[in-house]
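In the numbering used here, the protein residues as written are 1 to 156.
Ideal placement from N, C-alpha and C gives every residue a C-beta, glycine not left out.
In this text, all values refer to a predicted model and were calculated from it rather than measured experimentally.
Let me begin by presenting the structure, written as structure tokens, before commenting on it.
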Amino acid sequence: MKIQIVAVGTKMPSWVSAGVDEFIRRFPSDMPVSITEIPAGKRGKNADIKRILEKEGEQMLAAIPKGNRAVTLEVTGKPWDTPMLAKQLDNWKMDGRDVSLLIGGPEGLAPSCIAASEQKWSLSALTLPHPLVRIILVESVYRAWSVTQNHPYHRE
Numbered sequence: 001m002k003i004q005i006v007a008v009g010t011k012m013p014s015w016v017s018a019g020v021d022e023f024i025r026r027f028p029s030d031m032p033v034s035i036t037e038i039p040a041g042k043r044g045k046n047a048d049i050k051r052i053l054e055k056e057g058e059q060m061l062a063a064i065p066k067g068n069r070a071v072t073l074e075v076t077g078k079p080w081d082t083p084m085l086a087k088q089l090d091n092w093k094m095d096g097r098d099v100s101l102l103i104g105g106p107e108g109l110a111p112s113c114i115a116a117s118e119q120k121w122s123l124s125a126l127t128l129p130h131p132l133v134r135i136i137l138v139e140s141v142y143r144a145w146s147v148t149q150n151h152p153y154h155r156e
């Protein structure tokens with residue numbers, strides 16, 4: 001099973017890229033994780049946020065390979081603790097499809113992305129900075145994978 005992270009925003013600070021890359025590197029070859037960045041629409045004083053969100057949504061959906069399970073990260077989604085996420089990983093593997101995890105931009109996800117998602121996951125009830133979400137997400141998935149493999153990482 002492949003896991004794809006589709007995130008709005010490019011030009012992340014070096015500490016974000018380093019953190020994400022560190023965890024992506026740790027995944028085994030039978031469960032590779034990749035990140036696909038979608039350029040954020042230009043936001044100015046008079047920006048048409050609805051239209052920007054629609055365009056970001058179109059690009060996000062276009063980046064998801066056909067047949068993938070789409071999971072959106074939303075404050076209103078289901079909160080999963082590590083054992084629950086580990087169970088989700090096992091369920092996703094049994095489903096036989098690859099998974100795309102969607103992280104929206106400053107205003108969240110486009111309605112089209114939310115409509116296309118099969119599951120909605122909340123990392124926290126807090127509003128988190130989008131660069132930080134990438135690191136939390138990839139570490140959380142790695143920790144859940146380590147639980148499924150009885151790897152010592154999850155006991156740290």
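Neighbour-count burial assignment, residue i, 16 or more Cβ in a 10 Å radius
| i | result |
| --- | --- |
| E74 | buried |
| G41 | buried |
| E56 | buried |
| A125 | exposed |
| R69 | buried |
| T10 | exposed |
| S117 | buried |
| I49 | exposed |
| T72 | buried |
| W15 | exposed |
| A7 | buried |
Cα-Cα separation, residue i to residue j
| i | j | result |
| --- | --- | --- |
| M1 | R143 | 16 Å |
| R25 | A110 | 30 Å |
| A86 | R51 | 36 Å |
| I64 | G44 | 28 Å |
| S34 | V141 | 12 Å |
| L163 | I114 | Absent from the model: residue 163. The displayed extent of the chain is 1 to 156, so no value can be given. |
| E37 | N150 | 31 Å |
Best match in the options for proximity to residue i [C-alpha to C-alpha]
| i | options | result |
| --- | --- | --- |
| T82 | A115, A62, V147 | V147 |
| K66 | W145, S100, K120 | S100 |
Beta bridge counterpart(s) of residue i as assigned by DSSP
| i | result |
| --- | --- |
| I5 | I35, L101 |
| Q119 | V71 |
| K78 | W121 |
| G108 | G105 |
Residue i at chain C interface by Cβ criterion, 8 Å
| i | result |
| --- | --- |
| A110 | Reference to chain C is not applicable here, since this structure consists of a single protein chain. |
Problem set entry | Contact the region 7-24 vs the region 128-141: 3+ CB pairs below 8 Å | Three or more Cβ pairs drawn from the region 7-24 and the region 128-141 lie within less than 8 Å of each other, which places the two stretches in contact.
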